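Position one of the sequence shown corresponds to residue 239 (the numbering used here), numbered consecutively onward.
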Amino acid sequence: MELNGEPVLNWEAESRGKVEDFAARGYIGLQNHDRDMKTMFRNIFIKSLD
């Protein structure tokens, strides 16, 4: 994941634990934990990792 062209998150799946059970398809959700804070998203792109 990048923010303003800089990487802010990098995650690689490992074969241990329940990762193997994760769904290959589904919804992507964006959330905010502070209900009093205004949150806006702009220019969100989803890239396939196949």
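Just so it is clear, CB atoms sit at the ideal spot from N, CA and C, and this is done for glycine as well.
None of these values were measured; they are calculated from a predicted model.
When the Cα atoms are used, what is the spatial distance from residue i to residue j?
{"i": "residue 243", "j": "residue 280", "result": "14 Å"}
{"i": "residue 288", "j": "residue 264", "result": "15 Å"}
{"i": "residue 276", "j": "residue 266", "result": "20 Å"}
{"i": "residue 286", "j": "residue 273", "result": "31 Å"}
{"i": "residue 278", "j": "residue 270", "result": "10 Å"}
{"i": "residue 268", "j": "residue 282", "result": "10 Å"}
From the DSSP secondary-structure annotation, give me the bridge partner or partners of residue i.
{"i": "residue 240", "result": "245"}
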